[in-house]
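First comes the structure, then the notes that go with it.
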Amino acid sequence: MKVGDIIENTYTTNQVAMIIGIHPNTVRMYEDLDLISKPMRKENGYRVFTDLHLEQFKLARTAFQIEVLQNGLRKKAISIVKLSASCEFDKAIKLTKEYVYSVRNEIHNANEAVEIVKELLKGSSQENRQSLKRKEVSEKLGISMDTLRNWEMNGLFKVKRKENGYRVYTDDDIRKLKIIRSLKCANYSLSAILRMMNALDRNSKADISAVLNTPDYNEEIISACDRLIVSLGSAKENAIAIKSMLYEMKNKYSNPPL
């Protein structure tokens, strides 16, 4: 696309790369992935970037700074960046607010998982008062029924059945599922989670650190959740910063670049 009267403060690909601190090829990659608005081009084909693009780059870099994100959080982060790239600032702000809410939920889940593990390691037990169906568990924990099936098929937990064959989830099952949920969010593999859950089944006082103490899994479960909480806290702070950036961009750029 050709440039007519170019507004103040324009930048070449190399200048953008230097300002943002990335390789020129990464600048072009962001464009190809629709993470920034399409830059205008001169007659010779050279890209022309503006201050809007610089702000979009900074927003994207902030959004992708935290790598822990699972449970749909990373997809939301990508969607926020792409909405910013298309200058749909109101939609991006709305999704950012939802993102912050989701992160807060994950922080709560991780804290709860830590307390459950501590109780299990103490040998504490609680009376099973609940008897839930898979659909009820899915709604209660925010875990899809397909995911529950997958975890069960991979041996992460075993569910008792009634005489009619229907699965029945107890309080013990719910507690274990809460642990698994946070470990998955912390990027633990199914095999590492399986070893930990098997250890808990054999002995509530099992040395979780020893169970996970292999070249690939050398962090004990509580430490893993603690690291997740710290990472999620950083993600929340970044999201709040992104929201401020979006409001500022909305005020500055009411119309997308031509």
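Take this note's numbering: the final residue in the sequence shown is number 383, and no numbers are missing along the way.
Heads up, the beta-carbon is just placed ideally off N, CA and C, and yes, glycines get one too.
It should be emphasised that the depicted structure is a prediction, and the values quoted were computed from it without experimental measurement.
Pull the bridge partners of residue i from the DSSP assignment, please.
i	result
T137	Partner(s): none; T137 has no beta bridge.
V173	M165
L257	Y294
Check residue i in the structure and name its three-state DSSP category.
i	result
K283	coil
T187	helix
Y291	coil
L158	coil
R320	helix
Y166	Note that residue 166 is Arg in the sequence shown, not Tyr. Looking at R166 - three-state DSSP - the assignment turns out to be strand.
A311	coil
C350	helix
E213	coil
I268	coil
H148	coil
Y224	helix
Y372	helix
G197	coil
Where does residue i land, buried or exposed, given buried means 16+ other C-beta within 10 angstroms?
i	result
N323	exposed
L337	No answer about L337 holds up, because its pLDDT of 45 lies below 50 and its placement is not dependable.
K361	buried
M278	exposed
R306	buried
S314	exposed
I369	The displayed chain sequence assigns Ser, not Ile, to residue 369. By the neighbour-count rule (16 or more Cβ atoms within 10 Å), S369 is not buried but exposed.
R166	exposed
R254	exposed
Y155	buried
L158	exposed
S209	buried
S316	exposed
Just tell me which of the options has its CA closest to the CA of residue i.
i	options	result
M270	S256, K285, R292	R292
K377	R153, R166, Y155, Q181	Q181
M321	S356, V225, L353, G280	G280
G197	E244, F214, Y224, C212	Y224
A364	T187, E373, F282	T187
I304	G290, E244, S359, R254	E244
I144	T175, P164, S211, E156	T175
K375	G146, Y171, L308, L177	L177
C350	E237, K287, N289, K285	E237
N169	T137, I241, V242, G290	T137
L371	R172, K183, A317	K183
K201	L179, Y226, T272	Y226
S348	C212, A311, T135	A311
E373	F214, A317, A210, N150	F214
L302	A317, S316, I268, G290	I268
R358	N289, V228, Y294, R286	Correcting the residue type first, residue 358 is Gly in the shown sequence and not Arg. Per the Cα distances, V228.
May I ask you to verify whether the stretch 256–264 touches the stretch 284–299, counting CB pairs closer than 8 Å and requiring at least 3? With the cut-off at 8 Å, the stretch 256–264 and the stretch 284–299 touch.
May I ask you to verify whether the stretch 223–241 touches the stretch 351–369, counting CB pairs closer than 8 Å and requiring at least 3? Cβ pair count under 8 Å is three or more, so yes.
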